[in-house]
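Peer 1: Submitted below is the structure of interest, expressed as structure tokens.
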Amino acid sequence: PALLVSNQPVLSSAFDYKWQIDKSELSFGKELGSGEFKRVVAGQWRNKVDVAIKMIKEDVMNEDDFIEEAILMLKFQHDNLVKLYGVCIRQGPVYIITELMANGCLLQYIRNNQHLVKKTGIILDMAIQISDGMKFFEQSGLIHRDLAARNCLVGDRNIVKVGGFSLARFVPDDEYTASVGAKYAVKWSPPEVITHARFSSKSDIWSYGILLWELWSGGKTPYPAFTNPQALDEVSKGYRLEKPKLCPSKVYDLMKRSWQKNPSDRPSFAVLLDSLKAMVGGDY
Ligand SMILES: CS(=O)(=O)c1ccc(C(=O)Nc2cccc(-c3cn4ccnc4c(Nc4ccc(C(=O)N5CCOCC5)cc4)n3)c2)cc1
8 PALLVSNQPV LSSAFDYKWQ IDKSELSFGK ELGSGEFKRV VAGQWRNKVD VAIKMIKEDV
68 MNEDDFIEEA ILMLKFQHDN LVKLYGVCIR QGPVYIITEL MANGCLLQYI RNNQHLVKKT
128 GIILDMAIQI SDGMKFFEQS GLIHRDLAAR NCLVGDRNIV KVGGFSLARF VPDDEYTASV
188 GAKYAVKWSP PEVITHARFS SKSDIWSYGI LLWELWSGGK TPYPAFTNPQ ALDEVSKGYR
248 LEKPKLCPSK VYDLMKRSWQ KNPSDRPSFA VLLDSLKAMV GGDY
């Protein structure tokens, strides 16, 4: 059941006063990134708290979906999920105010810090933090649907959190088929999502396996030699990403388990987390 808010009164009841931020209390800094539907700008709240301000691009995205993301962030808080501070819902376009992650998206961070790939302990810890956040998603009955390095964020001291809840949805009780033909990240999606839009925590697990590959390959795009259609075709015939040079074989084993064709043959985030934690200290 979607947490759809259809109009202002419902909206303001969804976010009681303490979650509502007055725009006049915000100061705006540099643009951090901008996507098709929204911009993200650094800022300050009451001139003392560093924040990231997500602004919906006027009329290209319906506000309800945007608000739904904020409601999910509000209801599901965890140390490894980007924290919601509040929303601005009056005074024009809606803003989502979150904690500012000082080092930006994980994909760019890994690309800009290639030396990290040689530091197995640091990359392993990043992988553990993300699987911790995703285990919470899994246990909450939430599906992220767009897990990738580009949707994770890096704070200070290599703290990593899962962000980009925009496509997150609840686990469907029935056969969930999202609007077919909707735009998904092909190279991060398992076969059952591409062919039947059948999302589940097991499709998030597949994406997490791809994310592990991104981490250990220094932020390369998966299936570098293939276009999206070619990758689709090869994967459906059983082809899988090779082990990145610096990736420990035990981690690669987890990637391959995450890419089992049959969703129920893939591990849970709880199992992945325990397996990764057992590797800390060098047993990989
Ligand atoms: C210049 S680059 O390397 O090509 C590069 C390109 C893109 C990005 C990026 O993070 N994009 C993006 C897109 C949507 C939302 C978000 C995004 C969403 N957020 C939610 C909470 N916090 C953030 C946040 N924080 C950022 C983003 C960028 C920087 C920054 O300016 N950096 C440059 C210097 O090195 C540290 C990072 C610092 C904090 N960025 C971010 C970061 C670096």
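All residue numbers for the sequence shown refer to my numbering, where the first residue is 8 and numbers rise by one. Every residue gets a Cβ at the ideal spot worked out from N, C-alpha and C, and that includes glycine. Predicted model only: the values in this text are computed from it and were never measured.
Could you pull the start and end residues of the alpha helix (DSSP H) that Glu-249 belongs to?
Peer 2: Glu-249 -> no alpha helix (DSSP H), and no H or E assigned at all.
Peer 1: Count the C-beta pairs between the region 150–162 and the region 104–117 that are closer than 8 Å, then say yes if the count reaches three, no if not.
Peer 2: Taking a cut-off of 8 Å on C-beta distances, the region 150–162 touches the region 104–117, as three or more cross pairs fall below it.
Peer 1: Indicate, with yes or no, if ligand 1 has a heavy atom lying under 7 Å from the CB of Cys-112.
Peer 2: yes
Peer 1: Could you check whether Asn-87 and Val-169 sit closer than 8 Å to each other, using their CB atoms as the reference points?
Peer 2: yes
Peer 1: How big is the Cα-Cα spacing for Gly-289 and Thr-127?
Peer 2: Roughly 9 Å separates the two Cα atoms.
Peer 1: Give a single yes or no on whether Met-108 has its beta carbon closer than 7 Å to a heavy atom of ligand 1.
Peer 2: Of the heavy atoms belonging to ligand 1, at least one sits nearer than 7 Å to the Cβ of Met-108.
Peer 1: Taking only three categories from DSSP, how would you classify Gly-288?
Peer 2: coil
Peer 1: Give a yes or no on whether the minimum CB-CB distance between Ala-285 and chain C is below 8 Å.
Peer 2: Any reference to chain C falls outside this structure, which holds one protein chain only.
Peer 1: Report all residues from its chain with a CB closer than 6 Å to the CB of Gly-226; omit the five preceding and five following residues, and keep chain order.
Peer 2: Cβ neighbours of Gly-226 within its own chain (closer than 6 Å, five residues either side excluded): Leu-114, Ile-117 and Arg-118.
Peer 1: Under three-state DSSP, which class holds Met-68?
Peer 2: coil
Peer 1: Going by beta carbon distance, what residues of the same chain come within less than 6 Å of Met-68, once the five residues before and after it are set aside?
Peer 2: Phe-44
Peer 1: Would you say the beta carbon of Gln-115 comes nearer than 7 Å to a heavy atom of ligand 1?
Peer 2: yes
Peer 1: Would you call the region 91–102 and the region 68–80 in contact, with 3 or more CB pairs under 8 Å?
Peer 2: yes
Peer 1: According to DSSP, is Val-200 helix, strand or coil?
Peer 2: helix
Peer 1: By a C-beta neighbour count over all protein chains shown, 10 Å radius and 16 as the cutoff for buried, is Tyr-23 buried or exposed?
Peer 2: Note on residue identity: the sequence assigns Asp, not Tyr, to residue 23. Asp-23 should be labelled exposed.
Peer 1: Looking at the unbroken beta strand (DSSP E) that takes in Ser-34, where does it start and where does it end?
Peer 2: From DSSP, the beta strand (DSSP E) with Ser-34 extends over 33–41.
Peer 1: Might you give, ordered along the chain, the residues of its own chain that have their beta carbon closer than 7 Å to the beta carbon of Leu-123, omitting 5 neighbours on each side?
Peer 2: Ile-117, Ile-129 and Ile-130
Peer 1: So, under 8 Å CB-CB, Trp-223 and Pro-251 are touching, yes? Tell me the CB distance rounded to an integer number of Å.
Peer 2: The C-beta distance from Trp-223 to Pro-251 rounds to 4 Å, short enough to fall under 8 Å.
Peer 1: For Lys-257, report the span of its alpha helix (DSSP H) as first-last.
Peer 2: 256–265
Peer 1: Would you kindly work out how many angstroms separate the C-alpha atoms of Asp-281 and Asp-29, rounded to a whole number?
Peer 2: 42 Å
Peer 1: What is the DSSP secondary structure of Leu-149, reduced to helix, strand or coil?
Peer 2: strand
Peer 1: Between the Cα of Phe-140 and those of Ile-78, Ser-275, Thr-228 and Met-62, spot the shortest distance and give me the residue it belongs to.
Peer 2: The residue you asked about is not Phe; residue 140 is Gly in the sequence shown. Answer by Cα proximity: Ser-275.
Peer 1: Please name the residue or residues paired with Val-89 in a DSSP beta bridge.
Peer 2: None; Val-89 has no bridge partner.
Peer 1: Please classify Arg-53 as buried or exposed, where buried requires at least 16 neighbouring CB atoms within 10 angstroms.
Peer 2: exposed
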